[in-house]
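Residue 547 in the working numbering sits at position 232 of the sequence shown, and the numbers go up by one each step.
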Amino acid sequence: MAELFHDLKFSVRQLWSRPGFSLTAVLVIALGIGAATAIFSVLDTLVIRALPYGEADRIVTIWENNRESGLERDDVAPANFFDWREQGESFEAIAAADPYSLDLTGVERPEVIFSARVTEDFFEAFGTTALHGRTFLPEDYADGKFVVIGERLWERRFGADQGLVGQAIELDGEPYTLVGVVPRSFNPHFSPSVEERDAWIPLVLQGWEQYTRGSRWWNVVAMLKPGVTIAQAQAEMDAISGRLAEDYPETNETIRANVVPLRDHLVGGARTALLVLQGAVVFLLLIACANVASLLLARGTERESEFAIRAALGAGRGRLIRQLLTESAALALIGGVIGILLANWTVDLIVALGPSELPRMDEIRVDGRVLGFAVSLAVGTALLFGILPSLHFSRPDLQGSMKDIRTVTAGSARRRIRNGMVVVEVALSVVLVVGAGLLARSFVSLLGVDPGFEKENVAALQIFRYEDDETPQERQQYFAEALDRIRALPGVQSAGVVSAMPLIEANIAIQQQFHIEGRALARPQDAPNTFLAIASEDYFRTMRIPVLDGRTFEDSDNADGVRVAVITESLARRHWPNESPIGDRVQLVDDDEGAGADEGGDEGDAGSTPVSWEIVGVVGQVRHDGLDHDSRPEIFLPAAQTSMGSMTFVARTDGDPAAYIQPIQSEIWALDPLQTFYRTATLEELLAKSVAARRFNLWLLGTFAVIALVLAAVGIYGVISYTTRTRTHEIGIRMALGARNDDVLRQVMIRGIQLTGIGIAIGFAGSLGLTRLMSSLLFGISATDPLTFVGVALLLAVVALAATYLPARRATEVDPVVALRVE
């Protein structure tokens, strides 16, 4: 211990004597450890740690694998769920949730509570018990006027009052008995959404729901029986799906069940991105270690006389290795402390900028586990970058070092090692920069996609109106009056309303079969499918969706007029490829549940009986689900001729649309003071959110790539600078014999460019294999995009030129007389 303490003091003195070297090494280590620790904290929360549910490894989600649409994890039709529950033997508990919203009323300002209607055994499927009170009992499903709320809502709106359990609270204007509070850790995510569920009520079946197979909007969760594997559960669900396909071919012929572990579902599409970021951090850490090892080799060469004297005085090889490793450990310790501070700041930034698709983001933090990882990382990196210099300089050339003689063999060996470090740094940097370049090119390509509408200066406000005493006609009148009030606001150019607003998650999603009148069908089930939406006359003008043929809706398209429809370009191309559809009529084919349902929990009025609609217009395509999704075929019906309870107001304004949201709300409250708003946003905000995950991936990987470039530049600069310094005598002789400054400059720079070229070649070879893993993260370009690879090569060449120019320039300033006299 005494020797160790002596070594530590000596190491600190050594580092203090060379502040430039020490500062550079510490910062390089801090960047590597900080980045690795920050990403580990993300992986630890999302992937490694157990989920906050009892028996989490037995919890699965079950989805419909829709082979016709290509969706492997589609929502579930209610009737299919009931068959799964009745026939399945693999599950200890299986339950469904219907995403829903409740209005907290009886307060000064009503508030939307994001909630879900749930079947029996829902909480049991998660292995969750109440923090206070209880969860639902079978008898609670008789009338459904019971509610379980989350701890967060309980604290925020009810002051964590335990006396509230068993009392009534007002939801949607009706009393619900609050029977329990579940812990904040209970937060099941079934779909990517900013909104987390804060309340759950019993799902009281509507008569039509238990027969519904054609529309899908339920989410299903189950707890496997002990000893049952995912493969066994999947095999059983495949058998059940096969029987349902035979019994109900019209709706289930292409439907299979897909059993997915809850953790896999939660991580979802982010898994590839997380793996890419994890690989990027490993590369960055290796670059940092190679950089510091190169610095230590250069620093050790200057201390060879010191090592020779220590060896001559009796220090064995083990003693020298321990001393050098102690110095490496001191660097790693200081760099680790700074790295942890950087990681803490980076984690806060990741949480703030992270996409909503990643659940449990608010749980990410630098805690004891992460600190333990950081300490282990510091020790590991100290060994990684310190072992090679320690082994190399623990056998000093006593005679040569005392006489200050550098043998050709020893110099060549050290030069090869340092050069190899630079090549490794450049190669790893190439992989990171290529990855970041591909994401950047992909992101630019995505932003260049035409969404089908103009996003500037548009505000959107989504509401639900499903009051039992409100008829379809009363709803139509309400929306018409609200639109008149909004249009009258100063600065509002136009306003409309639509049931399926682009880029909003909680949209109604009605898929309806239709039949073109005059065309024969071999079988009724052969009728094509399309999406169905309801819009007012000014919706298309407000969104500036182009009219390609015919017209959109007019004031005359009211309840007394001819029933009309507007279709999208893709639908027209598919079914009227060489003719205009204007004037043709389509009949919406009724199915067993009507028009479907949305988060408001009510069946729609549109399409409940077969009705003939005349096509009067064709409009351009809209990227409804995001810029990276294909446009979908749609039929629009006029809001004055049919009704839906879930609608979104859109208003085009003269200025910042965010400033108009509150005045628009005031006009709607003037009609109904209790009206709540499910979502308010500008169209630019919705579009930005739709690309948030890709922007986040680009931001993180791009940051790592920039750091890697800087470290590679430092490595190239350090090696060329040191090599130039050791060649002072040679350069002096060359200049004394007539070598020009340009010759010396070119000769020194060529060496740096050669090392960079070798690194680029190796890096490209690695990139061709590794970037294929990123294919799912790219849009509009391939993983071998030649423009990206050429751009990275040019960028690295520029970095190499910049890093070699300064030491090369200094070499040209060598005075031959001084150089020869010093030697």
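For each residue, glycine too, the CB sits at the ideal point set by N, CA and C.
query: Status (buried if at least 16 other CB within 10 Å, exposed otherwise) for GLN525; result: exposed
query: Every unbroken beta strand (DSSP E) inside the stretch 962-1014 [3 residues or more]; result: 994-997
query: Limits of the unbroken beta strand (DSSP E) element including GLY865; result: 862-865
query: Where the beta strand (DSSP E) containing ILE409 begins and where it ends; result: 406-419
query: Distance CB(THR1071)-CB(ALA1112) smaller than 8 Å; result: yes
query: Runs of beta strand (DSSP E) lying entirely within the stretch 539-619, each at least 3 residues, in chain order; result: 570-576
query: Among ALA457, GLU485 and VAL662, the one whose alpha carbon lies nearest that of THR434; result: ALA457
query: Endpoints, beta strand (DSSP E) assigned at GLN828; result: 825-831
query: Pair within 8 Å by beta-carbon distance, ALA848 and GLN777; result: no
query: Residue from ILE1096, LEU646, TRP1014 and THR1127 with nearest C-alpha to GLY1053; result: THR1127
query: Simplified DSSP state of PRO817, which is helix, strand or coil; result: coil
query: SER809 and ARG967 closer than 8 Å at C-beta; result: yes
query: Backbone secondary structure at GLN792 - three-state DSSP; result: helix
query: GLU914, buried or exposed, once every other Cβ within 10 Å from all chains shown has been counted against 16; result: Confidence is the limiting factor: at GLU914 the pLDDT is only 37, short of 50, which leaves the residue's position unreliable and the question unanswerable from this model.
query: Beta-bridge pairing of GLY448 - partner residues as DSSP gives them; result: GLY495
query: Alpha-carbon to alpha-carbon, SER500 and THR661; result: 24 Å
query: Where TRP532 sits in the DSSP three-state scheme; result: coil
query: Extent of the continuous alpha helix (DSSP H) to which ILE1073 belongs; result: 1056-1085
query: Contact set for GLU929: own chain, Cβ-Cβ below 8 Å, skip 5 residues either direction; result: VAL877, ARG878, VAL879, ALA880, GLY898, ASP899 and ARG900
query: Runs of alpha helix (DSSP H) lying entirely within the stretch 326-394, each at least 4 residues, in chain order; result: 334-358
query: Buried versus exposed call for TRP331 [16 or more other C-beta atoms within 10 Å across all chains shown]; result: exposed
query: Cβ shell of THR696 (< 6 Å), same chain only, five flanking positions each side left out; result: CYS604 and ALA647
query: ALA1117 and ILE1075 closer than 8 Å at C-beta; result: no
query: Exposure of GLN977, with buried meaning 16 or more beta-carbon neighbours within 10 Å; result: exposed
query: Three-way DSSP call (helix, strand, coil) for ILE636 in this model; result: helix
query: For ASP390 and LEU1168, the rounded distance between their alpha carbons; result: Since the first and last residues shown for the chain are 316 and 1138, residue 1168 lies out of range.
query: Burial state of ASP487, where buried means 16 or more other Cβ atoms lie within 10 Å; result: buried
query: For GLN902 and SER927, believed in contact at Cβ under 8 Å, the rounded distance; result: 5 Å
query: Residue from VAL1006, ARG731 and ALA693 with nearest C-alpha to LEU762; result: VAL1006
query: Run of the beta strand (DSSP E) containing PHE438, from where it starts to where it stops; result: That residue, PHE438, is in no beta strand (DSSP E); its alpha helix (DSSP H) goes 437-440.
query: Environment of PHE1065 [buried if 16+ CB atoms lie within 10 Å]; result: Here the sequence assigns Ile to residue 1065, which means Phe is not the residue at that position. ILE1065 comes out exposed.
query: Within 8 Å, strictly: CB atoms of ALA537 and ALA431; result: no
query: Exposure of HIS580, with buried meaning 16 or more beta-carbon neighbours within 10 Å; result: buried
query: Under the three-state DSSP convention, the category VAL749 falls into; result: helix
query: Rounded Cβ spacing between GLY495 and ARG449 (contact assumed at less than 8 Å); result: 5 Å
query: Three-state class that DSSP yields for GLN808 in the structure shown; result: strand
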